[in-house]
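Under the UniProt record's numbering, think of the first position of the sequence shown as 1, with each following residue one higher.
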Amino acid sequence: MNDLAPVKGVRLLLITLATSMATFMMVLDTSIANVAIPTIAGNLGISTDQGIWVITAFGAANAISMPMTGFLSRRFGEVRLFTFAVVGFIVTSILCGMSNSIEMLIFFRVLQGAVSGSIAPLSQSILLRNFPKEKHGMAMALWSMTVVVAPIMGPILGGVLTDNCSWSWIFFINVPIGIIASILVYVLLKDRDTKTQRENVDYIGIGLLVIAAGSLQMMLDLGKNNDWFQSNLIVALTFLAILSWGIMIIWEWYHDNPIVNFRFFKQRNFLVAVVVMCLGFMMYFGSTVLLPLWLQGVMGYTASWSGYAVAPIGILAIVSAPIIGKLVQKVDLRIILSYAFVMFSIVGFWRANYSLDAPYSYIMMPQFVLGAATLAFFVPLQNLVVTSVSSDQIANAVALSTFFRTLFGSFSSSIVTTMWDERMEFHHARLAEGFTNANQSAMEFIHQMGDNLTAVNGELTRQAYMMSTTDIFWMTGILCLCLIPIVWLAKPINTKRLSAQKSTTNAAVNID
Numbered sequence: 001m002n003d004l005a006p007v008k009g010v011r012l013l014l015i016t017l018a019t020s021m022a023t024f025m026m027v028l029d030t031s032i033a034n035v036a037i038p039t040i041a042g043n044l045g046i047s048t049d050q051g052i053w054v055i056t057a058f059g060a061a062n063a064i065s066m067p068m069t070g071f072l073s074r075r076f077g078e079v080r081l082f083t084f085a086v087v088g089f090i091v092t093s094i095l096c097g098m099s100n101s102i103e104m105l106i107f108f109r110v111l112q113g114a115v116s117g118s119i120a121p122l123s124q125s126i127l128l129r130n131f132p133k134e135k136h137g138m139a140m141a142l143w144s145m146t147v148v149v150a151p152i153m154g155p156i157l158g159g160v161l162t163d164n165c166s167w168s169w170i171f172f173i174n175v176p177i178g179i180i181a182s183i184l185v186y187v188l189l190k191d192r193d194t195k196t197q198r199e200n201v202d203y204i205g206i207g208l209l210v211i212a213a214g215s216l217q218m219m220l221d222l223g224k225n226n227d228w229f230q231s232n233l234i235v236a237l238t239f240l241a242i243l244s245w246g247i248m249i250i251w252e253w254y255h256d257n258p259i260v261n262f263r264f265f266k267q268r269n270f271l272v273a274v275v276v277m278c279l280g281f282m283m284y285f286g287s288t289v290l291l292p293l294w295l296q297g298v299m300g301y302t303a304s305w306s307g308y309a310v311a312p313i314g315i316l317a318i319v320s321a322p323i324i325g326k327l328v329q330k331v332d333l334r335i336i337l338s339y340a341f342v343m344f345s346i347v348g349f350w351r352a353n354y355s356l357d358a359p360y361s362y363i364m365m366p367q368f369v370l371g372a373a374t375l376a377f378f379v380p381l382q383n384l385v386v387t388s389v390s391s392d393q394i395a396n397a398v399a400l401s402t403f404f405r406t407l408f409g410s411f412s413s414s415i416v417t418t419m420w421d422e423r424m425e426f427h428h429a430r431l432a433e434g435f436t437n438a439n440q441s442a443m444e445f446i447h448q449m450g451d452n453l454t455a456v457n458g459e460l461t462r463q464a465y466m467m468s469t470t471d472i473f474w475m476t477g478i479l480c481l482c483l484i485p486i487v488w489l490a491k492p493i494n495t496k497r498l499s500a501q502k503s504t505t506n507a508a509v510n511i512d
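Right, dumping it as structure tokens:
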């Protein structure tokens, strides 16, 4: 397929639309179920804690299957595998929506996560293989825009469907999108599939991957509700994850046909890109998790209005996509990334000045700034990843980088939610220390609350959560600035030369 001419015109537009729809559908499903968990739990007669397994099951299965994309695409072909993944996602979505017990729903969510792990990395690889070389930056911008907008739309769409239809429709909505995407991709690209080759299956690598990724994802998802390392389950999962990851890295490094090719990390730009991507995404995703928690838990916003407050990031991401797509072909990627982290830092410091009486407009404004910088973060990093490897290794490299980015997103979610509670307890204790008979202001405040100590404690908790929120935003602002020097460890890429080359292979590094 490397020798085929790039696609142009309406056909390229339809390919872009189809792959974007499939990616949007899959990424949307990682967040759309979050707001529906209480409703699902109530309808199926289970606790909310049990309902969390609906999210955990999908995340664990998705994390396990994603790194296998490279091996499976070489075995079956990228287009064939992508079509199968999308069709599988449609079928499992229908089965999830029809589930009448928590056991059925969790089982089908596992299948849904397993079949969909290759959708995001393959959509990116398919775009790069069919776009003209000089427009690869635009392809990455369009792909990244989809990845940014989908998680924002998930909670909003999930809330609307759950409130006005039923929770089943958060799964049924995937069906028409998936049907259109799978038909378009197969019809337009069946004659442009990649060559297949038979390889010895690394069964030990697959087993280690299942244990390593599954145990780590479950530890991250279940840790907070089980009081982290106070729970024997979390301790056991952590030990299992560390042991299996260590063995897997050693085994895969020396295997001739590894399921997970860790040797990509021998390439400097790939290593820098993944490190920056993981740490930067932790800051980005952590803030994205914290903002709705604060808005709903402290400010009293509904789930819908909380989603609307976050939504402006998607507007600017869409508007900036063509601009970033052109810039990455002309400007040093390290400059664009530095700009992104400066803007991320500004947003962090801006949010650190939020207060309990912050107006809605003031809360929304940083989202516009963040939206203008988000693609400046994602697109250059994706370009660093794909230009670090040969063209036939793109799917493998993208799957590996996406896997680690997703994993560190889970780290971020767990760390932020835990830190938010711990910093609240710290500030609550400090505030409570001031409530003594000698403190006239404190006594007046108690009288204003009608001598209702429960109400006083509630207000102290609210103030403590506000202070905890600003602490975390200050931290993200500082850490984003600290990532800028790491960006400059990457080697510069001559984007003009790359776009003019006949084949990406000539500009890439082969992995032994």
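Heads up, the beta-carbon is just placed ideally off N, CA and C, and yes, glycines get one too.
Every value quoted in this text rests on a predicted model; they were computed, and no experiment measured them.
Residue i classed as buried or exposed, judged by whether at least 16 other C-beta atoms fall within 10 angstroms
| i | result |
| --- | --- |
| residue 500 | Reliability fails at residue 500, whose pLDDT of 46 lies under 50, so the model's placement of it is uncertain and no value is given. |
| residue 454 | exposed |
| residue 491 | exposed |
| residue 10 | exposed |
| residue 15 | buried |
| residue 488 | exposed |
| residue 99 | buried |
| residue 155 | buried |
| residue 482 | exposed |
| residue 493 | buried |
| residue 42 | exposed |
| residue 232 | exposed |
| residue 108 | buried |
| residue 302 | exposed |
| residue 300 | exposed |
| residue 391 | buried |
| residue 6 | exposed |
| residue 298 | buried |
| residue 465 | buried |
| residue 440 | exposed |
| residue 393 | buried |
| residue 86 | buried |
| residue 230 | exposed |
| residue 115 | buried |
Residue j beta carbon less than 7 Å from that of residue i
| i | j | result |
| --- | --- | --- |
| residue 125 | residue 267 | no |
| residue 234 | residue 225 | no |
| residue 472 | residue 356 | no |
| residue 247 | residue 178 | no |
| residue 460 | residue 428 | yes |
| residue 331 | residue 383 | no |
| residue 376 | residue 323 | no |
| residue 221 | residue 77 | no |
| residue 169 | residue 36 | no |
| residue 477 | residue 345 | yes |
| residue 264 | residue 63 | no |
| residue 83 | residue 186 | yes |
| residue 434 | residue 304 | no |
| residue 347 | residue 366 | yes |
| residue 423 | residue 468 | yes |
| residue 513 | residue 317 | Any question about residue 513 goes unanswered here, given that the chain covers just 1 to 512. |
| residue 117 | residue 217 | no |
Rounded distance between the beta-carbons of residue j and residue i, thought under 8 Å
| i | j | result |
| --- | --- | --- |
| residue 199 | residue 74 | 7 Å |
| residue 401 | residue 379 | Not quite, the Cβ-Cβ distance comes to about 13 Å (not below 8 Å), so this is no contact. |
| residue 54 | residue 33 | 6 Å |
| residue 61 | residue 110 | 5 Å |
| residue 415 | residue 286 | 7 Å |
| residue 321 | residue 141 | 4 Å |
| residue 157 | residue 143 | No, residue 157 and residue 143 are not in contact; Cβ-Cβ is about 20 Å, not under 8 Å. |
| residue 352 | residue 474 | 4 Å |
| residue 238 | residue 219 | 5 Å |
| residue 44 | residue 101 | 6 Å |
CB contact check: residue i to chain D, cutoff 7 Å
| i | result |
| --- | --- |
| residue 199 | Among the chains in the structure shown there is no chain D, since it carries only a single protein chain. |
Validate contact between the region 367 to 378 and the region 36 to 49 using beta carbons, cut 8 Å, 3 pairs = no
Are there three or more Cβ pairs, one per stretch, closer than 8 Å when the region 258 to 278 is compared with the region 65 to 74?
-> Under the Cβ criterion (8 Å, minimum of three pairs), the region 258 to 278 counts as touching the region 65 to 74.
Count the C-beta pairs between the region 115 to 124 and the region 306 to 319 that are closer than 8 Å, then say yes if the count reaches three, no if not.
-> no
Residue ranges of each alpha helix (DSSP H) within the region 244 to 286, 4 or longer | none
Uninterrupted alpha helix (DSSP H) stretches inside the region 290 to 334 (no shorter than 4 residues) | 303 to 310, 312 to 327
Spell out a yes or no on whether the region 206 to 216 and the region 172 to 186 are touching, meaning 3 or more CB-CB pairs, one atom from each, closer than 8 Å.
-> With a cut-off of 8 Å, the region 172 to 186 and the region 206 to 216 do not count as touching, because too few Cβ pairs lie within range.
Count the C-beta pairs between the region 415 to 431 and the region 136 to 153 that are closer than 8 Å, then say yes if the count reaches three, no if not.
-> no
Contact the region 234 to 243 vs the region 270 to 277: 3+ CB pairs below 8 Å | The region 234 to 243 is not in contact with the region 270 to 277.
Assess, as a yes-or-no matter, whether the region 213 to 232 is touched by the region 399 to 414 under the definition of 3 or more beta carbon pairs within less than 8 Å.
-> Contact check between the region 399 to 414 and the region 213 to 232: three or more CB pairs, one atom from each, fall below 8 Å, which counts as touching.
Could you name each continuous alpha helix (DSSP H) segment of 4 residues or more that falls completely within the region 370 to 444, going from the start of the chain to the end?
-> 394 to 433
Which ranges would you report for the beta strand (DSSP E) in the region 9 to 36 if only whole runs of at least 3 residues count?
-> none
Continuous alpha helix (DSSP H) assignments of at least 4 residues falling wholly in the region 195 to 241 = 203 to 222
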